[in-house]
Structure formats: C-alpha cells, structure tokens
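*Asks:* A single structure is presented below for examination.
There are 2 protein chains.
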Amino acid sequence: MSAEVEEMLKRYQGIKNIVGIIVVDNDGIAIKSTLDNQMSVHYAGHMQTVTEKARQVILDLDAANEFTSMRMRTSYFEIMLMPHDNFFIVVIQNPCD
Amino acid sequence: MSAEVEEMLKRYQGIKNIVGIIVVDNDGIAIKSTLDNQMSVHYAGHMQTVTEKARQVILDLDAANEFTSMRMRTSYFEIMLMPHDNFFIVVIQNPCD
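Line by line, the protein sequences are chains A and B. Numbering follows this note's numbering, in which position 15 of the first sequence is assigned residue number 60; successive positions increment by one, without gaps. Numbering follows this note's numbering, in which position 32 of the second sequence is assigned residue number 77; successive positions increment by one, without gaps.
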C-alpha cells in the first residue's frame, strides 16, 4: 500500500491552496499526514465517520452503485474525501485564491 | 418557507442533466420532489442521515465553522446536498453529457 499512498500524496500535493492532506485507513487511523498529530487524529476519525455513512447510504440506495468521492464545502474551507480500497484520502483546501 | 422552496426548486431545475430534485425537511421528510414517492422517501431519509453527520462533524472540528454544501460522486451519478435553515435540497445529477 505504501507506494500507492506516496503516489497519491504527490498527486494531491499539486492541488492549489492545500491546507493539509491526510491518508486514513479504514479504521479511522491517520497513516500519513501533512498536518500535526492532533489535527490528523481529529480529522481522521471524523472523516472516517462521514465516509462510512456515505458508502452505506449509496449502497443502500442502489447495491450496484459505488461511492467514489465527496466534496464538502464549509464557511472556511473545502474538504475532499477520496475513498480507495484499504484507505481514503482527506484533502483540506482553502477555496480562496 | 414555501415561496423560498419554490424559488430554490426553479433555480436548481436549470442545472444540466438533472435526474431529480428533492426538498427535505430536517426530520428527513420529502416536502417537495420531482421523483416518484418511493424514491423521494428513500432518498430523503438517507440524505438526511448524511447531512446530519456532515453538519455534526464540521461543527465538532471547529465550532465557528458551518457546513454549506456537499457533492457526492458515485459510479452512476452525482448527488448535491445544500442545507438551509429548516430544510435541505438534494439534487441528483447525471454527470455524463
């Protein structure tokens, strides 16, 4: 998984206005992060909850469908969630130029 | 609320490739929909769960922040969630041209 994760990190680091990138395993543990430990743990757990809920809901609506990504906009920033098989990536982005 | 809801519906009906639009109150009840009753009830309940979870998570991460919208991409379509004070709007869109 490690090479795959590194490649993903590189890819997302190229996105403009990135505040942080966290790679989270399916147990909600941050396995790689550009944020400090406290923030990473905080985001990882919370985003795991949202990702699981979204996966569940999409499957419940249509068992042949699959949740592929999510973008949440908040007053301060945007959060992108990209699930993969054994982990998911959280990208926190400042939407202002 | 009704005039506000009508205005929102008109606004979102202009978006390309719309499959359906549902206005859902904060109890998860579809109060307006362009889909049939069964689909509306199904989506309303599930999307209310996701919206509530997102609201909660964003507030937990920063009590001064606010969840303003969400876009979920799946293998088949995209779902947009736009929360308002007493209701939220679900727009299901086919991403293909």
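In this text, a Cβ means the ideal position worked out from N, Cα and C, and glycines have one as well.
Tell me the residue span of the beta strand (DSSP E) that contains A:Glu111.
*Replies:* Taking the first sequence and counting its residues from 1, one reaches residue 111 of chain A at position 66. From DSSP, A:Glu111 is part of no beta strand (DSSP E); its letter is neither H nor E.
*Asks:* Helix, strand or coil, according to DSSP, for B:Thr119 in the structure here?
*Replies:* Locating residue 119 of chain B in the second sequence gives position 74, counting from the first residue. Residue state, collapsed to three classes: strand.
*Asks:* Determine, using beta-carbon pairs with one atom in the stretch 47–65 of chain A and one in the stretch 98–105 of chain A, whether at least three such pairs fall under 8 angstroms.
*Replies:* no
*Asks:* Taking A:Thr113 as the query, report the chain B residues whose CB atoms sit under 8 angstroms from its CB, ordered along the chain.
*Replies:* Along the first sequence, one-based indexing puts residue 113 of chain A at 68. Simply Arg118, Thr119, Ser120.
*Asks:* Any idea if A:Gln138 is buried or exposed, counting beta-carbon neighbours within 10 angstroms, 16 or more meaning buried?
*Replies:* As a first step, residue 138 of chain A is located in the first sequence; it is residue number 93 there, counting from the start. Counting Cβ neighbours within 10 Å, A:Gln138 comes out buried, since at least 16 surround it.
*Asks:* Using a cut-off of 7 angstroms between C-beta atoms, extract the partners of B:Ala99 located in chain A.
*Replies:* If you number the second sequence from 1, residue 99 of chain B lands on position 54. Neighbours of B:Ala99 on chain A, chain order: Val95, Met117.
*Asks:* A:His91 versus chain B: which residues are under 9 angstroms apart at the beta carbon?
*Replies:* In the first sequence, the residue the question calls residue 91 of chain A occupies position 46. Chain-order list of chain B residues neighbouring A:His91: Gln101, Val102, Ile103, Asp105, Leu106, by C-beta distance under 9 angstroms.
*Asks:* If we define contact as Cβ-Cβ less than 8 angstroms, is A:Asn71 a contact residue for chain B?
*Replies:* Counting from 1 along the first sequence, the entry for residue 71 of chain A is found at position 26. For A:Asn71, the answer is no, since every Cβ of chain B falls outside 8 angstroms of its Cβ.
*Asks:* Determine, for B:Tyr88, whether the minimum Cβ-Cβ distance to residues of chain A falls below 8 angstroms.
*Replies:* As a position in the second sequence, residue 88 of chain B is number 43, starting the count at 1. Yes, contact with chain A.
*Asks:* For A:Asn139, which residues in chain B fall below 7 angstroms Cβ to Cβ?
*Replies:* The residue labelled residue 139 of chain A in the question sits at position 94 within the first sequence. Correct list: empty, because the minimum Cβ distance to chain B is about 13 angstroms.
*Asks:* Note the first and the last residue of the continuous beta strand (DSSP E) segment covering A:Gly65.
*Replies:* Residue 65 of chain A sits at position 20 when you count from the first residue of the first sequence. Unbroken beta strand (DSSP E) run through A:Gly65: 63–70.
*Asks:* For A:Asn110, return the contacting residues in chain B, with the cut-off set at a CB-CB distance below 7 angstroms.
*Replies:* Numbered from its first residue, the first sequence carries residue 110 of chain A at position 65. Residues of chain B passing the Cβ test: Thr119, Ser120, Tyr121.
*Asks:* Just to confirm, are B:Leu106 and B:Met115 a CB contact at a threshold of 8 angstroms?
*Replies:* Against the second sequence, residue 106 of chain B aligns to sequence position 61. Against the second sequence, residue 115 of chain B aligns to sequence position 70. For B:Leu106 and B:Met115, no; Cβs fall outside 8 angstroms.
*Asks:* Spell out the partners DSSP gives A:Ser47 in its beta bridges.
*Replies:* Taking the first sequence and counting its residues from 1, the one referred to as residue 47 of chain A is at position 2. In DSSP, A:Ser47 forms no bridge with anything.
*Asks:* Taking CB distances under 8 angstroms as the criterion, tell me whether A:Tyr57 reaches chain E.
*Replies:* No chain E is part of this structure, whose protein chains are labelled A and B.
*Asks:* May I ask you to report which of helix, strand or coil DSSP gives B:Leu126?
*Replies:* Here residue 126 of chain B refers to the residue found at position 81 when the second sequence is read from its first residue. Looking at B:Leu126 - three-state DSSP - the assignment turns out to be strand.
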